[in-house]
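Heads up: the structure comes next, in structure tokens.
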Amino acid sequence: MADALVEVENLKKLFPVRMGFFRTLVSRKQLFVHAVDGISFKVKKSEIFALAGESGSGKTTTGRLLLRLIQPTEGKIIFEGRDISFIPEREMKSLRRKLQVVFQDPYESLNPRMIVETIVAEPLRVQGVHNPKEVSEKVVRALENVELIPADEFLFRYPHELSGGQRQRVAVARALVLDPEFIVADEPVSMLDVSIRAEILNLMVNLQEKFSTTFLYITHDLALARHICNSIAVMYLGKIMEMGTVDEVILEPLHPYTRALVVAVPVPDPTMARSEVVIKGEIPSPVNPPSGCRFHTRCPSYIGDICRTKEPSLIHVGGTRFVACHLYGKEK
Amino acid sequence: MSAVLQVENLTTFYTTLRGPVRAAENVTFNVGKGEALGLVGESGCGKTTVALSILKLLPSNGKIVRGKILFEGKDIVKIKDKEFRQEIRWKGISIVFQGAMNALNPVFKVGDQVSEAIKIHEPRMKKEEINERVAKLFELVGLDPGRADNYPHEFSGGMRQRALIAMSLACNPALLISDEPCTALDVIVASQVLKLLREIKEKLNLGMILISHDLSIVAETCEKMGIMYAGMLAEYGNVMDTFKKPLHPYTQGLISAFPSIKGERTRMVSIPGIPPDLLNPPTGCRFHPRCKYAMDICIKKEPSWWNVEKGRYVRCWLYEKG
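As given, the protein sequences belong to chains A and B, one line each in that order.
Position in the first sequence (first residue = 1) + 805 = the numbering used here.
Position in the second sequence (first residue = 1) + 4 = the numbering used here.
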């Protein structure tokens, strides 16, 4: 097995709930949103690792924690063998050369007053590359790598002159310009039209093959994850429910939640039997997550008190697969 | 199956300072009782314009330039706004709007918002009767009638979407338009809502138009589908045949751009280029700049609405003869 580039151990992030003045007088306890509540996983070098889940499951928070855009409450983030979870911001800055991000919405993430050249060159400037020749060489190369060809034609355009797909390419170029090892792509295609979505995703796969860049792909779309990722972790209310290679997890899901998710994805084939929804209700509030297994309130294969009282840990069930459910393993 | 709605050559333009935006042109389809039509297309292709034209809810700069919209045999383009409002909107045709999160008024109780439509359209109805109807509607869409006194913020996303569906059914319409019913909802909740829409359609024998950018939703919910591109219908036919053998190159591209969670892992295919600007659409076939089969005639002349076989139409020179 290849080495892990990023390793996460028992990572936690709690956001304090802001309360009004009187509420703070009355209630003694500070409430927290358990956005990420003790997760562990490994991202191997040069793979595309998908973090999937419904909204509110903590996938974006995890992505931001890995880049240290927010401070973890607890736990370890190990990047290239080094614990970066609590290192000071000054050291982090030089590390950010290797850790980059592509945000969800290309209509919001590019400064409308900057031309493409300035946008893509900005990370270089921040990291202290000032030689104009070197900067412009790198910018052109980054644009070519995202297939904005000829690069000269795009250098002096403003974001509003570009289409959604082109904007997202500029965002990818900005992430690439520093030759990073690891890119967090947070729902990079959810704002794009179907016919151009594939372009951006294929671009990610190409970059992975060409430069063996490692990606953390945050998504709610399991069908897309299946086609471009190698491994996947399914999150629910801040916990990882199931993890393994994409084919295994999606074709033979073990956890009842993953099963429900897979069934709920509509299939673009009218001859397939219509999917029956097996679970009811919606994701509970992360402020006060259910006791025991977080999924027990909606679980179709609830097996008794153990689900309500004891939290299942993420156990290894052979091969590359991990699952957190009392149906499996010796924890019964 | 008798048609509830027949749309013929519907053409809607928006006037802007830079000239007319040709948002929908020569759109022709029909919807029968108990039948669902899916309108699919990318953003800006005119799906919502078609819906708003049918409901006569176009913004002030939008105008139906040509065409007929026959609802139960009556041309609603010619009907006066006041009559349309009193007789057809909500009682005959209603809509579930996009964006469940923001479509409800946050300062009114959900039950009151649902009953508002009943009060306006049936002013002689007694209060108890209205409350009874609201309770029934809540049950129909799978909400607890006891929650009619809640405010929208006490509802989750899925519940709000259900409340909107209840609202659209308040005056027993014959045709329900639902505009992107699943955006902003999670997969599981979305599939619950789709199941609900299917059940309601069967139970009340409604005609339904489902507007979506997601082919797979249409594949699972509808009997017929129309694929729109740049303001025109590119292809129209029943869902089974269209998926089995898509005719228009755009439909083919769109279907292969859609990954399926089942089946082989494949590399996704995209359609090169971007959708055109409707202020100044390409000459001839509007898809020709992105089409891999483009011929000379495609650039010069617009293809006609060609009847390929019974119930299947396509607008493409590859099929048109003569």
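A virtual CB, placed ideally from N, CA and C, is assigned to each residue, including glycine.
When C-beta atoms of the stretch 233–244 of chain B are compared with those of the stretch 978–994 of chain A, fewer than three pairs fall below 8 Å, so the two segments do not count as touching.
Taking a Cβ-Cβ cut-off of 9 Å, the neighbours of histidine 1025/A in chain B comprise Asp190, Val191, given in sequence order. Neighbours of serine 160/B across chain A, judged by C-beta separation under 7 Å: Glu1087. With the rule of 3 Cβ pairs closer than 8 Å, the stretch 1043–1058 of chain A counts as touching the stretch 1110–1130 of chain A. Secondary structure note for leucine 810/A: it is in no alpha helix (DSSP H), and the uninterrupted beta strand (DSSP E) holding it is 809–821.
If you draw a 10 Å sphere on the C-beta of valine 118/B, you find 16 or more other C-beta atoms in it, and that means buried. Histidine 1032/A belongs to the set of residues whose beta carbon lies under 8 Å from a beta carbon in chain B. Annotation: Cβ neighbours of leucine 1066/A in chain B (cutoff 8 Å, chain order): Val191, Ile192.
Excluding sequence positions up to five before and after leucine 997/A, its CB lies within less than 7 Å of the CB of Gly969, Gly970, Gln973, Ile1005, all in the same chain and listed in chain order. With a minimum length of 4 residues, the unbroken runs of alpha helix (DSSP H) contained wholly in the stretch 114–188 of chain B fall at 114–125, 131–144, 161–172. Judged by DSSP in its simplified three-state form, aspartate 218/B adopts coil rather than helix or strand. Looking at the DSSP output, aspartate 842/A sits in a beta bridge with Lys817/A. Annotation: threonine 53/B to threonine 1063/A spans about 38 Å, alpha carbon to alpha carbon. Of all residues in the stretch 35–47 of chain B, the ones placed with a Cβ closer than 7 Å to any Cβ belonging to chain A are Glu46, Ser47, in chain order.
When 8 Å is used as the limit between beta carbons, isoleucine 1001/A is near these residues of chain B: Ser274, Ile275, Ile278, in chain order. Taking 8 Å as the cut-off, the Cβ atoms of asparagine 284/B and glycine 38/B do not count as close.
Of Phe827/A, Leu1066/A, Leu915/A, the smallest CA-CA separation from arginine 1031/A is found for Leu1066/A. The beta carbon of phenylalanine 961/A sits closer than 6 Å to those of Ile920, all from its chain and outside the five residues before and after it, given in chain order. The C-beta of isoleucine 221/B comes closer than 8 Å to at least one C-beta of chain A. Note that the stretch 126–135 of chain B does not touch the stretch 71–83 of chain B; fewer than 3 beta-carbon pairs, one per stretch, sit closer than 8 Å. With three or more CB-CB distances shorter than 8 Å, the stretch 310–317 of chain B counts as touching the stretch 237–254 of chain B. Put simply, of Ser274/B, Val114/B, Met171/B, Ser264/B the residue whose alpha carbon is nearest the alpha carbon of cysteine 295/B is Ser274/B. Threonine 255/B does not reach chain A, its nearest Cβ partner there being about 11 Å away, counting only Cβ pairs nearer than 7 Å.
About 14 Å separates the beta carbon of leucine 189/B from that of glycine 146/B, a gap too long to meet the 8 Å contact definition. The way I'd put it, the stretch 11–27 of chain B doesn't touch the stretch 200–209 of chain B; fewer than three beta-carbon pairs between them come closer than 8 Å.
Of the candidates His1131/A, Ala1028/A, Thr829/A, the residue whose Cα lies closest to the Cα of glycine 1109/A is His1131/A. Contact between glycine 71/B and leucine 14/B is confirmed by a C-beta separation of about 4 Å, below the 8 Å threshold. Contact annotation: in the stretch 209–236 of chain B, residues whose CB is within less than 8 Å of a CB in chain A are His217, Asp218, Leu219, Ser220, Ile221, Ala223, Glu224. The shortest CA-to-CA distance from glutamate 852/A to any of Ile1088/A, Val1010/A, Ser899/A, Val931/A is the one to Val1010/A. Taking the Cα of lysine 1085/A as reference, the smallest distance to any Cα among Val1072/A, Pro1105/A, Met1077/A, Asp808/A is reached at Pro1105/A. The beta carbons of leucine 856/A and threonine 867/A sit closer together than 8 Å. Of the candidates Pro185/B, Trp94/B, Leu200/B, His157/B, the residue whose Cα lies closest to the Cα of leucine 173/B is Trp94/B. A Cβ of chain A is located within less than 8 Å of the beta carbon of methionine 244/B. Residues of the same chain with a CB within less than 6 Å of the CB of arginine 1103/A, apart from the 5 flanking positions on each side, are Ile1084, Gly1086 in chain order.
For glutamine 1013/A, the enclosing alpha helix (DSSP H) stretches over residues 999–1016. Note that the stretch 1089–1103 of chain A touches the stretch 820–839 of chain A; at least 3 beta-carbon pairs, one per stretch, sit closer than 8 Å.
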